[in-house]
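Going by the UniProt record's numbering, the first residue of the sequence shown is number 1, and it counts up by one from there.
Glycine included, each C-beta is placed from N, C-alpha and C at the ideal position.
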Amino acid sequence: MRLVPVLPGGWWTVILVAALMAALLALAARPALGPDADPGTRVGWVRRVLLAVVTLALLTGPSLPSHESRSVSSLEVYLMVDRTGSMAAEDWAGGPGAGGGVRLDGVKEDLRAIVAAHPGARFSIIALDSAAARELPLTSDVDAVYSWIDSLQQEVSDRSTGSSLQRALPLLTSTLTAAAERDPEDARVLYILSDGESTEEGAGATGADAARRAWQRLGGQVDVGAVLGYGTEAGGPMRAFDGVTSGDYIKDPTTGEPGVSVPDTAALTMVAESLGVPYLQRDGTDDDPTSSFTDLDVAVTTALTDGRERLGVQRYLTWPLGLLASGLLIWELVHLAITDRGLRRLTRSAEAVR
Numbered sequence: 001m002r003l004v005p006v007l008p009g010g011w012w013t014v015i016l017v018a019a020l021m022a023a024l025l026a027l028a029a030r031p032a033l034g035p036d037a038d039p040g041t042r043v044g045w046v047r048r049v050l051l052a053v054v055t056l057a058l059l060t061g062p063s064l065p066s067h068e069s070r071s072v073s074s075l076e077v078y079l080m081v082d083r084t085g086s087m088a089a090e091d092w093a094g095g096p097g098a099g100g101g102v103r104l105d106g107v108k109e110d111l112r113a114i115v116a117a118h119p120g121a122r123f124s125i126i127a128l129d130s131a132a133a134r135e136l137p138l139t140s141d142v143d144a145v146y147s148w149i150d151s152l153q154q155e156v157s158d159r160s161t162g163s164s165l166q167r168a169l170p171l172l173t174s175t176l177t178a179a180a181e182r183d184p185e186d187a188r189v190l191y192i193l194s195d196g197e198s199t200e201e202g203a204g205a206t207g208a209d210a211a212r213r214a215w216q217r218l219g220g221q222v223d224v225g226a227v228l229g230y231g232t233e234a235g236g237p238m239r240a241f242d243g244v245t246s247g248d249y250i251k252d253p254t255t256g257e258p259g260v261s262v263p264d265t266a267a268l269t270m271v272a273e274s275l276g277v278p279y280l281q282r283d284g285t286d287d288d289p290t291s292s293f294t295d296l297d298v299a300v301t302t303a304l305t306d307g308r309e310r311l312g313v314q315r316y317l318t319w320p321l322g323l324l325a326s327g328l329l330i331w332e333l334v335h336l337a338i339t340d341r342g343l344r345r346l347t348r349s350a351e352a353v354r
């Protein structure tokens, strides 16, 4: 048996309550245990001591440790989302002028399709802007995933220091490697959503061969997935973003005209081939249905129900003490009712004598 306090604050709360009860009982002890006290008063004081002891015993939380198993998802879905400035290029579904939007609008649609296609899976989100960051650890809380998708915006333009898919490699590799070591039987799915555009030189893996080898090593930790590219061949202009509103178009420093972002399909193709997953280019017009990248291999989907998690739980044994405390409280209430009735009778008798 173990003692696990039931109130917030743990043992400090139990000690505080015990000290308070001891002080109150000590104040009541002198009149209750004095030479002039009647037996009923002494019994009442003893009853309150017993009630205090039982209450403290309840607060200490006597319990037995046990374990229980529950079904959990063995499918881990990792979403690497590019939110650099180029992902705000206005060439999704024809752009805003044609009733379309920016590339991130397409990303949001596809993310929602991925989440809806994998009910019960666990999701983790890694965002890529000037640096890669894990924004959502592995979780089965779908509401948290949808909330993140709804709030997805491009990075703040003034804070941008360039972009490159290679920046995500260290975090992706460490995350998936740790997951494979922790749960080797789980199936891992990786979706990369990006336009592939790189605006930096000399950062990340050096050279195309080094980059390919790095992505191939990562592919060893991935069961299935897809690389989803965004944008059109013609590309589109991008507006600056200050964290709240969009501003003027970002200008090309060499021409002074609005810059045009064109997706790097070669880079995206290389990443997909290295990972061993399909690559789909998407621009919001004649795209393949989302099922083309959300329908997984049967061997992977069966993992959804194969996982089990063993949880350590505490089973509180407080009901006997609760019954005892209830009995003492009922006794106290009956005694108070009888005492009150006697006092009223004496009051009426005194008034009659007057």
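Query raised in the report: Which residues bound the alpha helix (DSSP H) around ILE182?
Result: Position 182 of the sequence shown holds residue 182. The question names Ile, yet the displayed sequence has Arg at residue 182. First-last of the alpha helix (DSSP H) with ARG182: 169-182.
Requested in this report: Report the partner residues of PRO258 according to the DSSP bridge assignment.
Outcome: Looking up residue 258 in the sequence shown gives position 258. Bridge partners of PRO258: LYS251.
**Report entry** Cutoff 7 angstroms; reference GLU155; Cβ partners in own chain excluding five residues on either side
**Finding:** Taking the sequence shown and counting its residues from 1, the one referred to as residue 155 is at position 155. Counting only Cβ-Cβ distances below 7 angstroms, and skipping sequence neighbours, we find ARG83, THR84, GLY85, ASP129 and SER130.
Query - ALA121: first and last residue of the uninterrupted alpha helix (DSSP H) it sits in - result: Mapped onto the sequence shown, residue 121 falls at position 121. Annotation: ALA121 is outside any alpha helix (DSSP H) and is labelled neither H nor E by DSSP.
Query - Cβ pair SER124, LEU138 closer than 8 angstroms - result: For the purposes of this step, residue 124 is taken as the residue at position 124 of the sequence shown. For the purposes of this step, residue 138 is taken as the residue at position 138 of the sequence shown. Cβ distance < 8 angstroms, so SER124 and LEU138 count as in contact.
Query raised in the report: In chain order, what residues of the same chain have a beta carbon less than 8 angstroms from the beta carbon of ALA325, not counting five sequence neighbours either side?
Result: Looking up residue 325 in the sequence shown gives position 325. Cβ within range, chain order: LEU51, VAL54, THR55 and LEU58.
Query raised in the report: Start and end of the alpha helix (DSSP H) containing GLN216?
Result: Along the sequence shown, one-based indexing puts residue 216 at 216. In the DSSP annotation of this structure, the continuous segment of the alpha helix (DSSP H) that includes GLN216 starts and ends at 208-219.
**Report entry** Where ASP195 falls, given that 16 or more other Cβ within 10 Å makes a residue buried
**Finding:** Position 195 of the sequence shown, counted from the first residue, corresponds to residue 195. Counting Cβ neighbours within 10 Å, ASP195 comes out buried, since at least 16 surround it.
Query - ASP91 - DSSP class collapsed to helix/strand/coil - result: Along the sequence shown, one-based indexing puts residue 91 at 91. Under the three-state reduction of DSSP, ASP91 is assigned to coil, being neither helix nor strand.
**Report entry** Beta-carbon spacing of LEU275, LEU176 below 8 angstroms
**Finding:** What you label residue 275 is simply residue 275 of the sequence shown in a count that begins at 1. What you label residue 176 is simply residue 176 of the sequence shown in a count that begins at 1. Not closer than 8 angstroms, so no.
**Report entry** 8 angstroms Cβ cutoff met for ALA88 and MET238
**Finding:** In the sequence shown, residue 88 corresponds to position 88, counting from 1. In the sequence shown, residue 238 corresponds to position 238, counting from 1. Yes, the pair counts as a contact, with Cβ atoms nearer than the cut-off.
Report task. Have a look at the DSSP bridge pairing and note the partners of VAL281. Result -> The residue labelled residue 281 in the question sits at position 281 within the sequence shown. At residue 281 the sequence reads Gln, which differs from the Val that was named. Note: GLN281 sits in a beta bridge opposite GLY229.
Query raised in the report: Roughly how many whole angstroms lie between the Cα atoms of GLY284 and ALA272?
Result: For the purposes of this step, residue 284 is taken as the residue at position 284 of the sequence shown. For the purposes of this step, residue 272 is taken as the residue at position 272 of the sequence shown. Cα to Cα, GLY284 sits roughly 20 angstroms from ALA272.
Query raised in the report: Three-state secondary structure (DSSP) at VAL271?
Result: Translated into positions along the sequence shown, residue 271 becomes position 271. Of the three classes helix, strand and coil, the one that applies to VAL271 here is helix, per DSSP.
Requested in this report: Within its chain, find whatever has a CB closer than 7 angstroms to the CB of GLY95; leave out the 5 residues flanking it on each side and keep chain order.
Outcome: Residue numbering aside, residue 95 sits at position 95 when the sequence shown is read from its first letter. Closer than 7 angstroms at the Cβ level, and outside the excluded window around GLY95, lie GLY236.
Query - Exposure of TYR279, with buried meaning 16 or more beta-carbon neighbours within 10 Å - result: Translated into the one-based positions of the sequence shown, residue 279 becomes position 279. Around the beta-carbon of TYR279, 16 or more other beta-carbon atoms lie within 10 Å, marking it buried.
Query raised in the report: Can you tell which of GLY34, VAL17, ASP36 and ALA29 has the C-alpha that lies nearest to the C-alpha of ARG47?
Result: Residue numbering aside, residue 47 sits at position 47 when the sequence shown is read from its first letter. When each option's Cα is compared against that of ARG47, the closest is ALA29.
Query - Spatial neighbours of LEU33 in its chain, beta-carbon cut-off 7 angstroms, leaving aside the 5 residues before and after - result: For the purposes of this step, residue 33 is taken as residue 33 along the sequence shown, with counting starting at 1. Taken in chain order, the residues that qualify are ARG42 and TRP45.
Query - Local conformation of ALA132 per DSSP, three classes - result: As a first step, residue 132 must be located in the sequence shown, where it is residue number 132. The answer is strand: DSSP assigns ALA132 an E or B state.
**Report entry** Rounded Cβ spacing between ALA121 and ALA127 (contact assumed at less than 8 angstroms)
**Finding:** To locate residue 121, count along the sequence shown from 1; it is residue 121. To locate residue 127, count along the sequence shown from 1; it is residue 127. Contact flag wrong, Cβ pair sits at about 19 angstroms.
Requested in this report: Tell me whether THR294 sits in a helix, a strand or coil according to DSSP, three-state version.
Outcome: Sequence index remark: in the sequence shown, residue 294 carries index 294 (1-based). It is helical.
Query raised in the report: So, ASP282 versus GLY225, is the Cβ gap smaller than 8 angstroms?
Result: The residue given as residue 282 occupies position 282 in the sequence shown. The residue given as residue 225 occupies position 225 in the sequence shown. Before going further, note that residue 282 is Arg rather than Asp in the sequence given. Cβ atoms of ARG282 and GLY225: not closer than 8 angstroms.
**Report entry** Continuous alpha helix (DSSP H) stretch holding LEU58: start and end
**Finding:** Here residue 58 refers to the residue found at position 58 of the sequence shown. Counting along the chain, LEU58 sits inside the alpha helix (DSSP H) bounded by residues 39-59.
Requested in this report: Check SER74 in the structure and name its three-state DSSP category.
Outcome: What you label residue 74 is simply residue 74 of the sequence shown in a count that begins at 1. If DSSP states are grouped into helix, strand and coil, SER74 belongs with coil.
Query raised in the report: Considering only C-alpha positions, which residue in the set ALA240, GLU233, THR294 and GLU257 is nearest to ASP264?
Result: For the purposes of this step, residue 264 is identified with residue 264 of the sequence shown, where counting begins at 1. In this structure, GLU233 is the residue among ALA240, GLU233, THR294 and GLU257 with its C-alpha nearest to the C-alpha of ASP264.
Query raised in the report: Does the Cβ of SER174 have 16 or more other Cβ atoms within 10 Å, making it buried, or fewer, making it exposed?
Result: By one-based count along the sequence shown, residue 174 stands at place 174. By the beta-carbon neighbour count (other beta carbons within 10 angstroms, threshold 16), SER174 is exposed.
Query raised in the report: Can you name the start and end residues of the beta strand (DSSP E) that ALA187 belongs to?
Result: To locate residue 187, count along the sequence shown from 1; it is residue 187. Looking at the DSSP string, the run of the beta strand (DSSP E) that includes ALA187 is 187-194.
Query raised in the report: So, is ARG159 buried or exposed, given that buried needs 16 or more other C-beta atoms within 10 angstroms?
Result: Taking the first residue of the sequence shown as position 1, residue 159 is located at position 159. Burial state of ARG159 is exposed, judged by a 10 Å Cβ sphere holding fewer than 16 other Cβ atoms.
Query raised in the report: In angstroms, rounded to a whole number, what distance separates the CA positions of GLY101 and PRO119?
Result: Looking up residue 101 in the sequence shown gives position 101. Looking up residue 119 in the sequence shown gives position 119. Taking the straight line joining both Cα atoms gives about 28 angstroms.
Report task. Taking ALA234 as part of the beta strand (DSSP E), name the residues at either end of that continuous run. Result -> Counting from 1 along the sequence shown, the entry for residue 234 is found at position 234. Neither: ALA234 is in no beta strand (DSSP E) and is coded neither H nor E.
**Report entry** Close-in-space but distant-in-sequence residues of the same chain around THR199 (CB under 6 angstroms, 5 per side omitted)
**Finding:** Taking the first residue of the sequence shown as position 1, residue 199 is located at position 199. Listed in chain order, the non-local C-beta contacts of THR199 below 6 angstroms within the same chain comprise GLY162 and SER163, local neighbours out to five positions each way being set aside.
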